[in-house]
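Enquirer:
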Amino acid sequence: MTARTRTVRALVVWSVGAAVLRLSLWAPEVCPDLTRTEARAVALDAAGWIVENQRDDGEYLYDFHRGRRESSDDYNLVRHAGVTMSLYQLVRAGELQLLEPADRGLAWMLDRLQPAGFGTAFAVGSEARLGASSLLLVSLAQRRLATDDPRFDVEMRELGAFLVVQQRPDGSMLNLHDLDAGEPVPGETSVFATGEALWGLALLHEAFPHLGFDEPAWRTLDYLALHRDEDEGMVPPPWPDQWAAYSLGEMAEWGLAEHHITYARRLLERYGLLVRFDAQRGSLYGSLTHGPAPRGGGAGTWLEGLGALRPLAHTDPRLADIAPALDATLACAAGRLADRRVEPGPRVPPQEAGAWFYDDLTRMDDQQHAASGLVLAEPVLP
Amino acid sequence: MTLALLGLIATVNPAAAALAMVRDRRTDRPRSVAAGAVVAALVLTAIGASADPVLDVLDVSLGTYRLGAGVVIAVAGLRWLAVGAAAPVEEPDDDRRLAGFVAFPVLLTPGAAVLALSVGAEHGTAATAIAAGVAVLLGGLGIFLRRSIPHLLALGLVRLLGAVAVVVGVIVAVDGTQTL
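Quick mapping for you: the protein sequence lines, in order, are chains A and B.
Just so we're aligned: the first sequence equals residues 85 to 466 in this note's numbering.
Just so we're aligned: the second sequence equals residues 33 to 212 in this note's numbering.
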């Protein structure tokens, strides 16, 4: 081989390699512009989907398939609680018109409280799920913060007592409670419910500092930060847990230890990777090389995680180095999410208006996470 | 900075440079080799200096870039590790062509180019210039001294530096996934 031949071959390899990289790992990241006002409007449209399709008794529309134009018979108490919580977050953000539908969703849950352990649980049937009671507690806490109304303080404390019963000595939380036997069901945990319970406990301590709910909260936060990913087989760690992010944000003033900050940093890094990859779907060929965009609920949780940790990153000097990048990532994620919703209009049916669809299907938590995330993203938007 | 220096040395791979041209000629032309090395060092430094505008033009963030760069470096390293250096070629007769060949493709490898941009974005132009200068100097010395380096030693060093490049590539890629 001559030097010339080798040089030409090298040029070909460089050119082909650059093209392959540009189509795959180095595809452009596209972040649509979004203003604060537009983000609020999109969040309100999502809330509009929830409220427009809500029944008089407070139950929400669970899902809708726009191809078949039908809803399934499924329902999920955890998601009902999460949707209600999201409505209260919007009330806290100033959208007082959502208090009435949120209270209807709340009443539906309070009608289903049952004695469990030393407290009460939100459950239908003989088994209570930790996540449902946790998010009901979070809903009540958000309502209390939004309205200063103490009328549900007893329920909050009783739900907190139930959560503590579900906690194991290492801080992990059991997912189920046998209401007939009056004790937790051993052996089953949930990657979602543990963080949801932690956020509930943290908010409870914020509301009632003298009751000692900070101790179980610290124990579960330590578990999430140090052991959960290994116990649950999360590869690669960490599980991008927006509930843990909410909890870290809530507990920021309590004096977080170094391992909590490390966990927060790892969560932010994970969200950064997810958002960047999603932004690459926005290029001309991105949907081919990077697959379809995630559900509105999935992308919404990234915004929630980033937004919940933002105040911590901007106030704790140990995270100051990534605070500017966090803002840029959050703004990008918000623009991407807002770009994919169904814009309401006179010819758009209420089961579609303001919703995010994946494979022609939308579910209540798509709108829940998107609305919550967009409100949390507002501070970084112009 | 240590990783940047080690990475650029591994991706320039002075041992592979020493084996790039046949060893049976006796036309030592240090000026051409030096000129090629200087060009390579300047190009790598320029790549590092232009990191921010290049990333802007590409519309990719540093984390995304580093993920791809790590893959390029690791693949280049794997090739050296698995099959060794490329077959040697006849030394170009013309001095300018020799200098050009030394610069590209012998010293300016894909791994070195992508790593230089990453180093520039993270550590700045001066650091890129120093690391690239050291790596290219070693590469130039490898070419100039190729007849006095035992062949088996050079072959072994190619693979060893390939292994180092794989490790550096993995570190860079993982770092890319952990960059917000």
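Ideal Cβ placement from N, Cα and C applies to all residues, glycine included.
For Asp262 (chain A), which residues does DSSP report across the bridge?
Expert: Start at 1 with the first residue of the first sequence, and residue 262 (chain A) comes out as number 178. Beta-bridge pairing links Asp262 (chain A) to A:Glu211, A:Glu267.
Enquirer: Considering only C-alpha positions, which residue in the set A:Ala225, A:Glu113, A:Ala103 is nearest to Ala415 (chain A)?
Expert: Here residue 415 (chain A) refers to the residue found at position 331 when the first sequence is read from its first residue. With distances taken between Cα atoms, Ala415 (chain A) lies closest to A:Glu113.
Enquirer: What does Ser93 (chain B) touch in chain A if you count any residue whose Cβ is under 7 Å from its own?
Expert: Position 61 of the second sequence holds residue 93 (chain B). The contacting residues are Glu113, Arg360.
Enquirer: Pick out whichever of A:Pro270, A:Trp98, A:Glu290, A:Met257 has its Cα sitting closest to the Cα of His311 (chain A).
Expert: Position 227 of the first sequence, counting from 1, holds the residue named residue 311 (chain A). Closest by alpha carbon: A:Met257.
Enquirer: So for Asp147 (chain A), helix, strand or coil by DSSP?
Expert: Mapped onto the first sequence, residue 147 (chain A) falls at position 63. Strand at Asp147 (chain A).
Enquirer: Hey, is Pro137 (chain B)'s beta-carbon within less than 8 Å of any beta-carbon in chain A?
Expert: In the second sequence, residue 137 (chain B) corresponds to position 105, counting from 1. Taking Cβ atoms only, chain A reaches closer than 8 Å to Pro137 (chain B), which makes this a yes.
Enquirer: Kindly indicate which three-state DSSP category Val97 (chain A) falls into: helix, strand or coil?
Expert: The sequence position of residue 97 (chain A) within the first sequence is 13, counting from 1. Three-state DSSP puts Val97 (chain A) in a helix.
Enquirer: Check each residue of the segment 399-428 of chain A: if its Cβ is closer than 7 Å to any Cβ of chain B, include it; give the result in chain order.
Expert: Hits within the stretch, in order: Ile406, Ala409, Leu410, Thr413.
Enquirer: So, helix, strand or coil for Ala277 (chain A), using DSSP?
Expert: Start at 1 with the first residue of the first sequence, and residue 277 (chain A) comes out as number 193. Three-state result, Ala277 (chain A): helix.
Enquirer: List the endpoints of the continuous alpha helix (DSSP H) containing Phe361 (chain A).
Expert: Against the first sequence, residue 361 (chain A) aligns to sequence position 277. Note, Phe361 (chain A): alpha helix (DSSP H), 342-364.
Enquirer: Is DSSP giving Gly68 (chain B) helix, strand or coil here?
Expert: As a working note, residue 68 (chain B) is residue 36 in the second sequence. Residue state, collapsed to three classes: helix.
Enquirer: Give the interface partners of Phe176 (chain B) over in chain A, defined as CB-CB distance under 7 Å, in chain order.
Expert: Indexing the second sequence from 1 puts residue 176 (chain B) at position 144. By Cβ distance, chain A contributes nothing, its closest Cβ being about 16 Å from Phe176 (chain B), past 7 Å.
Enquirer: With a Cβ-Cβ cutoff of 8 Å, do Arg447 (chain A) and Ala377 (chain A) count as a contact?
Expert: What you label residue 447 (chain A) is simply residue 363 of the first sequence in a count that begins at 1. What you label residue 377 (chain A) is simply residue 293 of the first sequence in a count that begins at 1. Cβ distance not < 8 Å, so Arg447 (chain A) and Ala377 (chain A) don't count as in contact.
Enquirer: In the DSSP assignment, find the beta strand (DSSP E) that holds Phe206 (chain A) and state where it starts and stops.
Expert: On the first sequence, residue 206 (chain A) is found 122 positions in, with the first residue counted as 1. Residues 203-206.
Enquirer: If we count Cβ pairs, one from each stretch, closer than 8 Å, do we get three or more for the segment 397-415 of chain A versus the segment 334-350 of chain A?
Expert: Touching, yes, given that three or more Cβ pairs across the two stretches are closer than 8 Å.
Enquirer: Kindly indicate if chain A contains any beta-carbon less than 8 Å away from that of Leu113 (chain B).
Expert: As a position in the second sequence, residue 113 (chain B) is number 81, starting the count at 1. With 8 Å as the cut-off, Leu113 (chain B) does not count as an interface residue toward chain A.
Enquirer: By Cβ distance, which residues of its chain are closer than 8 Å to Pro324 (chain A), with the 5 residues on each side in sequence left out?
Expert: In the first sequence, residue 324 (chain A) corresponds to position 240, counting from 1. Within the same chain, Pro324 (chain A) has close Cβ partners Leu351, Arg354, Tyr355, Leu358, Thr385, Trp386, Gly389.
Enquirer: In angstroms with no decimal places, state the Cα-to-Cα distance between Ser217 (chain A) and Leu149 (chain B).
Expert: Counted from its first residue, the first sequence places residue 217 (chain A) at position 133. Counted from its first residue, the second sequence places residue 149 (chain B) at position 117. Whole-angstrom Cα-Cα distance: 51 Å.
Enquirer: Any beta carbon from chain A within less than 8 Å of Ala73 (chain B)'s own beta carbon?
Expert: The residue given as residue 73 (chain B) occupies position 41 in the second sequence. With 8 Å as the cut-off, Ala73 (chain B) does not count as an interface residue toward chain A.
Enquirer: State the DSSP-derived secondary structure class of Val121 (chain B), mapped to helix, strand or coil.
Expert: Stepping through the second sequence from its first residue, residue 121 (chain B) is reached at position 89. Three-state DSSP puts Val121 (chain B) in a strand.
Enquirer: According to a CB-to-CB cut-off of less than 7 Å, which residues of the segment 319-353 of chain A neighbour chain B?
Expert: Here the close residues are Leu352, Glu353.
Enquirer: Between the C-alpha atoms of Thr399 (chain A) and Leu76 (chain B), what's the straight-line distance to the nearest angstrom?
Expert: Taking the first sequence and counting its residues from 1, one reaches residue 399 (chain A) at position 315. Taking the second sequence and counting its residues from 1, one reaches residue 76 (chain B) at position 44. Using only the alpha carbons, I get a separation of about 39 Å.
Enquirer: Who are the Cβ neighbours of Arg365 (chain A) in its own chain at under 6 Å, not counting the five residues just before and after it?
Expert: Stepping through the first sequence from its first residue, residue 365 (chain A) is reached at position 281. Counting only Cβ-Cβ distances below 6 Å, and skipping sequence neighbours, we find Ser371, His374, Ala377.
Enquirer: Apart from the five residues on each side of it in sequence, which residues of its chain come closer than 7 Å, Cβ to Cβ, to Ala159 (chain B)?
Expert: Against the second sequence, residue 159 (chain B) aligns to sequence position 127. Met33, Ala36, Val151, listed in sequence order.
Enquirer: Check whether chain A comes within 8 Å of Leu99 (chain B), counting only Cβ atoms and requiring the distance to be less than that.
Expert: On the second sequence, residue 99 (chain B) is found 67 positions in, with the first residue counted as 1. It does; some Cβ of chain A falls within 8 Å.
Enquirer: Can you give the Cα-Cα distance for Ala123 (chain A) and Gly339 (chain A), rounded to whole angstroms?
Expert: Along the first sequence, one-based indexing puts residue 123 (chain A) at 39. Along the first sequence, one-based indexing puts residue 339 (chain A) at 255. Near 32 Å, if we compare the C-alpha coordinates of Gly339 (chain A) and Ala123 (chain A).
Enquirer: Bridge partners of Arg447 (chain A), per DSSP?
Expert: Taking the first sequence and counting its residues from 1, the one referred to as residue 447 (chain A) is at position 363. In DSSP, Arg447 (chain A) forms a bridge with A:Asp147.
Enquirer: Could you give the C-beta distance for Glu154 (chain A) and Pro434 (chain A), rounded to a whole number, given that I count them as a contact under 8 Å?
Expert: Taking the first sequence and counting its residues from 1, the one referred to as residue 154 (chain A) is at position 70. Taking the first sequence and counting its residues from 1, the one referred to as residue 434 (chain A) is at position 350. Not really, about 14 Å apart at Cβ, beyond 8 Å.
Enquirer: Are the beta-carbon atoms belonging to Ala50 (chain B) and Gly109 (chain B) less than 8 Å from one another?
Expert: Counting from one through the second sequence, the residue named residue 50 (chain B) turns up at place 18. Counting from one through the second sequence, the residue named residue 109 (chain B) turns up at place 77. It is not a contact, given that the beta carbons lie outside the stated cut-off.
Enquirer: In the DSSP output, what is Glu154 (chain A) paired with across the bridge?
Expert: In the first sequence, the residue the question calls residue 154 (chain A) occupies position 70. Partner(s): A:His149.
Enquirer: Just grab the DSSP bridge partners of Gln251 (chain A) for me.
Expert: Mapped onto the first sequence, residue 251 (chain A) falls at position 167. In DSSP, Gln251 (chain A) forms a bridge with A:Met257.
Enquirer: CB-CB under 6 Å to Gly95 (chain B), same chain, minus the five flanking residues each way: which ones, in chain order?
Expert: For the purposes of this step, residue 95 (chain B) is taken as the residue at position 63 of the second sequence. Result list for Gly95 (chain B): Gly208, Thr211, in chain order.
Enquirer: Identify the continuous alpha helix (DSSP H) that holds Leu390 (chain A) and give its terminal residues.
Expert: Taking the first sequence and counting its residues from 1, one reaches residue 390 (chain A) at position 306. From DSSP, the alpha helix (DSSP H) with Leu390 (chain A) extends over 380-399.
Enquirer: What did DSSP end up calling Tyr307 (chain A) once you bin it into helix, strand or coil?
Expert: Locating residue 307 (chain A) in the first sequence gives position 223, counting from the first residue. It is helical.
Enquirer: Let me know if His164 (chain A) comes out buried or exposed under the rule of 16 or more other beta-carbons within 10 Å of its beta-carbon.
Expert: To locate residue 164 (chain A), count along the first sequence from 1; it is residue 80. With 16 or more Cβ atoms within 10 Å of its Cβ, His164 (chain A) is classed as buried.
Enquirer: Looking only at C-alpha atoms, which of A:Ala245, A:Glu316, A:Val208 sits nearest to Asp264 (chain A)?
Expert: Within the first sequence, the letter at position 180 stands for residue 264 (chain A). Asp264 (chain A) has its Cα closest to that of A:Val208, out of A:Ala245, A:Glu316, A:Val208.
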